[in-house]
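Numbering (my numbering), first residue to last: 1214 to 1642. Note that CB positions come from ideal geometry on N, CA and C, so glycine has one too. In what follows, a structure is listed as structure tokens, so that the remarks can point back to it.
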Ligand SMILES: Cc1cc2nc3c(=O)[nH]c(=O)nc-3n(C[C@H](O)[C@H](O)[C@H](O)COP(=O)(O)OP(=O)(O)OC[C@H]3O[C@@H](n4cnc5c(N)ncnc54)[C@H](O)[C@@H]3O)c2cc1C
């Protein structure tokens, strides 16, 4: 790896839609790129979205196009189960330590699934937000890149690990794999480490974690997806009955002095989109109510908003919900607040509540290089030496379209740094 990484190489950290886009744009301009992804496969959170707003198309189409570009481009070296642990040096000449976690399955894997057939142990399914389980020998998801199984470390030392090894027809299971650390020299770095949902437990009055029927918008994506834990039926986690009267609460954690001060920008569109999931995933007659402060649907999204407004299944109530309580008699959740259009108090019952949780940088709480410049919410703007850049969800809460634009811009700026490093080498030589 050291051999292909030089100070003219560009490092992209994070293999979501932004990291893939930045890596591809730079490689298609002729740069050598190393793409480092912490998970076992690429795609990031986009791969877990059921449908995209506003067209309600499947995100896997967009990812598939990028995967095809990636397979066709030998200039991008992809490292999965890989995390950057240290960055030193400066613009044009960084040294980066990368820790590689063991997959226990090597490149020979053909994803035939024979190993999984002999394994019975299960683990929470990360693809479905832990809402169901998968076997401890698993393919992360249908479109996973690389198409290679992972053996969970909990299997190690068990007879099942040996059975999985014996069952593999191509000898791809290597139980001796361990943690490795490699060092890369690179000229510039793009942080495409994305976002994470705000921890809904912290919004105490909404009872997430206390009431099973309060879920986050991120979990709701998986509930509506036919590849999700309920095979695409929107069921109440408390009793498995179909949800028919769903509340969507906007700004759950965003635009709030006690939580995230910033607007997460995509949540309004996400909830509008998710009301439309009811058409295929909920019983006839199911209703949605959107509780909102104001709806932020910019540019072309305004049409989609108007379309949802005209949907008889969807009601809008302008109010910041104050608290949620459980009615033990009816088994329903009661939302309390004040309707700011009529200034009257309400107590309204729903059978499922979806919190449109805010987005914060995935890197919040991590040890980052000191010279990274971050805004008040922790989103990465760049570095003081001008050689590192934030892209996509790591740089701001963005929808996919804007995340890709941001990644393309970051790729161009990073290329300028590596090209300058190359020119400096030429002059020296
Ligand atoms: C509920 C919900 C629904 C949404 N629906 C839509 C929609 O319909 N349409 C739309 O346009 N947008 C939607 N969005 C927004 C969309 O999810 C983001 O635009 C998109 O995920 C941004 O991609 P990204 O690559 O920047 O970040 P991410 O998808 O977060 O990817 C970041 C990647 O970096 C990796 N990573 C993180 N830290 C490290 C590290 N230290 N080392 C190595 N790798 C690391 C992660 O594992 C991940 O693979 C939705 C958002 C939410 C909350």
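Within a Cβ cutoff of 8 Å, which residues of the same chain sit near residue 1457, ignoring the five residues on either side of it in sequence?
To locate residue 1457, count along the chain shown from 1; it is residue 244. Hits under 8 Å: 1495, 1496, 1498, 1499, 1500 and 1564.
What is the rounded straight-line gap between the Cα of residue 1289 and the Cα of residue 1356?
Within the chain shown, the letter at position 76 stands for residue 1289. Within the chain shown, the letter at position 143 stands for residue 1356. If you take the alpha carbons of residue 1289 and residue 1356, they lie about 19 Å apart.
Hey, how far is the Cα of residue 1220 from the Cα of residue 1309?
For the purposes of this step, residue 1220 is taken as the residue at position 7 of the chain shown. For the purposes of this step, residue 1309 is taken as the residue at position 96 of the chain shown. The straight-line gap from Cα to Cα measures roughly 11 Å.
In chain order, what residues of the same chain have a beta carbon less than 6 Å from the beta carbon of residue 1319, not counting five sequence neighbours either side?
Position 106 of the chain shown, counting from 1, holds the residue named residue 1319. Only 1385 and 1387 meet the Cβ criterion.
How would you call residue 1474, buried or exposed, if buried means at least 16 neighbouring beta carbons within 10 angstroms?
Working through the chain shown from its first residue, we reach residue 1474 at position 261. That one is exposed.
So with Cβ pairs under 8 Å, would you call residue 1284 a contact of chain D?
In the displayed structure, chain D is absent; only one protein chain is listed.
Does the Cβ-Cβ distance between residue 1570 and residue 1431 come in under 8 Å?
In the chain shown, the residue the question calls residue 1570 occupies position 357. In the chain shown, the residue the question calls residue 1431 occupies position 218. The answer is yes: Cβ separation under 8 Å.
What residues in its chain sit with their C-beta under 8 Å from that of residue 1549, if we drop five residues either side in the sequence?
Counting from one through the chain shown, the residue named residue 1549 turns up at place 336. Exclusion of the five residues before and after residue 1549 leaves 1534, 1535, 1536, 1537, 1538, 1558, 1559 and 1560 as the residues of its chain whose Cβ lies within less than 8 Å of its Cβ.
What are the start and end residues of the alpha helix (DSSP H) that includes residue 1375?
Reading the chain shown from its first residue, position 162 is the one you call residue 1375. Segment 1372-1380, the alpha helix (DSSP H) holding residue 1375.
Consider the C-beta atom of residue 1286 and the heavy atoms of ligand 1; say whether any pair is separated by less than 7 Å.
Here residue 1286 is taken as the residue at index 73 of the chain shown, counted from 1. Residue 1286 Cβ: outside cutoff for every heavy atom of ligand 1.
How would you label residue 1573, buried or exposed, when you count the other beta carbons within 10 angstroms and need 16 or more for buried?
If you number the chain shown from 1, residue 1573 lands on position 360. Residue environment analysis places residue 1573 among the buried positions, since at least 16 neighbouring C-beta atoms fall within 10 angstroms of its C-beta.
Assign residue 1553 to one of two classes, buried (16 or more other C-beta atoms within 10 Å of its C-beta) or exposed (fewer than that).
Taking the first residue of the chain shown as 1, we reach residue 1553 at position 340. By the 10 Å Cβ count, residue 1553 comes out exposed.
Expressed to the nearest angstrom, what Euclidean distance is found between the alpha-carbon atoms of residue 1240 and residue 1583?
Reading the chain shown from its first residue, position 27 is the one you call residue 1240. Reading the chain shown from its first residue, position 370 is the one you call residue 1583. Each residue's alpha carbon lies about 28 Å from the other.
Using only the alpha-carbon positions, how far apart do residue 1280 and residue 1613 sit?
In the chain shown, counting from the first residue as 1, residue 1280 sits at position 67. In the chain shown, counting from the first residue as 1, residue 1613 sits at position 400. Near 16 Å, if we compare the C-alpha coordinates of residue 1613 and residue 1280.
Could you compute how far the alpha carbon of residue 1623 sits from the alpha carbon of residue 1610?
For this step, residue 1623 is matched to residue 410 along the chain shown. For this step, residue 1610 is matched to residue 397 along the chain shown. When rounded, the distance between both Cα atoms is 16 Å.
Provide the residue span of the beta strand (DSSP E) that contains residue 1301, from first to last.
Translated into the one-based positions of the chain shown, residue 1301 becomes position 88. For residue 1301, the enclosing beta strand (DSSP E) begins and ends at 1295-1303.
Quick test of the definition: if touching needs 3 or more C-beta pairs under 8 Å, does the stretch 1331-1347 touch the stretch 1387-1397?
Taking a contact to require three or more Cβ pairs closer than 8 Å, the stretch 1331-1347 and the stretch 1387-1397 do not qualify as touching.
With DSSP as the reference, label residue 1573 as helix, strand or coil.
Sequence index remark: in the chain shown, residue 1573 carries index 360 (1-based). In this structure, residue 1573 counts as strand in the three-state DSSP scheme.
Return yes when at least one heavy atom of ligand 3 lies under 7 Å from the C-beta of residue 1239, else no.
Among the ligands in the structure shown, ligand 3 does not appear; only ligand 1 can be found there.
From residue 1487 to residue 1434, what distance separates their C-alpha atoms?
What you label residue 1487 is simply residue 274 of the chain shown in a count that begins at 1. What you label residue 1434 is simply residue 221 of the chain shown in a count that begins at 1. Their backbone Cα atoms lie some 8 Å apart in a straight line.
So does residue 1434 have its beta carbon nearer than 7 Å to some heavy atom of ligand 1?
The residue you call residue 1434 lines up with position 221 of the chain shown. Correct: residue 1434 has its Cβ closer than 7 Å to ligand 1.
Curious, which full-length beta strand (DSSP E) runs of at least 3 residues does the stretch 1257-1343 contain?
Fully enclosed beta strand (DSSP E) runs of 3 or longer: 1289-1292, 1295-1303, 1306-1313 and 1335-1337.
Note down, in chain order, each residue of its chain lying with its Cβ closer than 6 Å to the Cβ of residue 1590, except the 5 sequence neighbours on either side.
Here residue 1590 corresponds to residue number 377 of the chain shown, with the count starting at 1. Once the five neighbours on either side are set aside, the close Cβ partners of residue 1590 are 1475.
Return the residue from the list 1556, 1545 and 1577 that minimises the CA-CA distance to residue 1566.
Stepping through the chain shown from its first residue, residue 1566 is reached at position 353. Residue 1545 holds the alpha-carbon nearest to the alpha-carbon of residue 1566 among 1556, 1545 and 1577.
Distance, Cα to Cα, residue 1547 vs residue 1427?
Taking the chain shown and counting its residues from 1, one reaches residue 1547 at position 334. Taking the chain shown and counting its residues from 1, one reaches residue 1427 at position 214. Computed Cα separation, rounded: 11 Å.
Any idea if residue 1629 is buried or exposed, counting beta-carbon neighbours within 10 angstroms, 16 or more meaning buried?
Start at 1 with the first residue of the chain shown, and residue 1629 comes out as number 416. It counts as exposed.
Work out the CA separation of residue 1409 and residue 1521 for me, nearest whole Å.
Walking along the chain shown from the start, residue 1521 turns up at place 308. Walking along the chain shown from the start, residue 1409 turns up at place 196. Those two C-alpha atoms are separated by around 27 Å.
Coil, strand or helix - residue 1602 by DSSP:
Counted from its first residue, the chain shown places residue 1602 at position 389. Here residue 1602 sits in strand by DSSP.
Take residue 1641 and list the residues in its own chain whose beta-carbon comes closer than 6 Å to its own, dropping the five residues that flank it on each side.
Position 428 of the chain shown, counted from the first residue, corresponds to residue 1641. None.
Just checking my contact of residue 1644 with residue 1228 at CB under 8 Å: how many whole Å lie between their CB atoms?
No answer is possible for residue 1644: the residues shown for the chain start at 1214 and end at 1642.
Determine the extent of the beta strand (DSSP E) in which residue 1487 is found, giving its start and end residues.
Position 274 of the chain shown, counted from the start, is the residue given in the question as residue 1487. It is not in any beta strand (DSSP E) - residue 1487 instead sits in the alpha helix (DSSP H) that spans 1480-1494.
Only counting the same chain, and skipping five residues up and downstream in sequence, which positions put a Cβ closer than 7 Å to that of residue 1315?
Along the chain shown, read from residue 1 onward, the residue named residue 1315 stands at position 102. Annotation for residue 1315: 1390, 1391 and 1392 place their beta carbon closer than 7 Å to its own, counting only its chain and skipping 5 residues before and after.
Beta-carbon within less than 6 Å of residue 1513's beta-carbon, same chain only, minus the 5 sequence neighbours each way: which residues are those?
What you label residue 1513 is simply residue 300 of the chain shown in a count that begins at 1. Taking residue 1513 as the centre and dropping the five residues before and after it, the same chain places no C-beta closer than 6 Å to its C-beta.
Could you tell me the alpha carbon to alpha carbon distance between residue 1517 and residue 1270, rounded to whole angstroms?
Position 304 of the chain shown, counting from 1, holds the residue named residue 1517. Position 57 of the chain shown, counting from 1, holds the residue named residue 1270. If you take the alpha carbons of residue 1517 and residue 1270, they lie about 13 Å apart.
Would you give the residue range spanned by the alpha helix (DSSP H) that residue 1619 belongs to?
Along the chain shown, read from residue 1 onward, the residue named residue 1619 stands at position 406. Taken as a continuous stretch (DSSP letters only), the alpha helix (DSSP H) holding residue 1619 covers 1613-1641.
Closest to residue 1507 by CA distance: which of 1602, 1366, 1305 and 1478 is it?
Working through the chain shown from its first residue, we reach residue 1507 at position 294. If we check each option's Cα against that of residue 1507, 1478 comes out closest.
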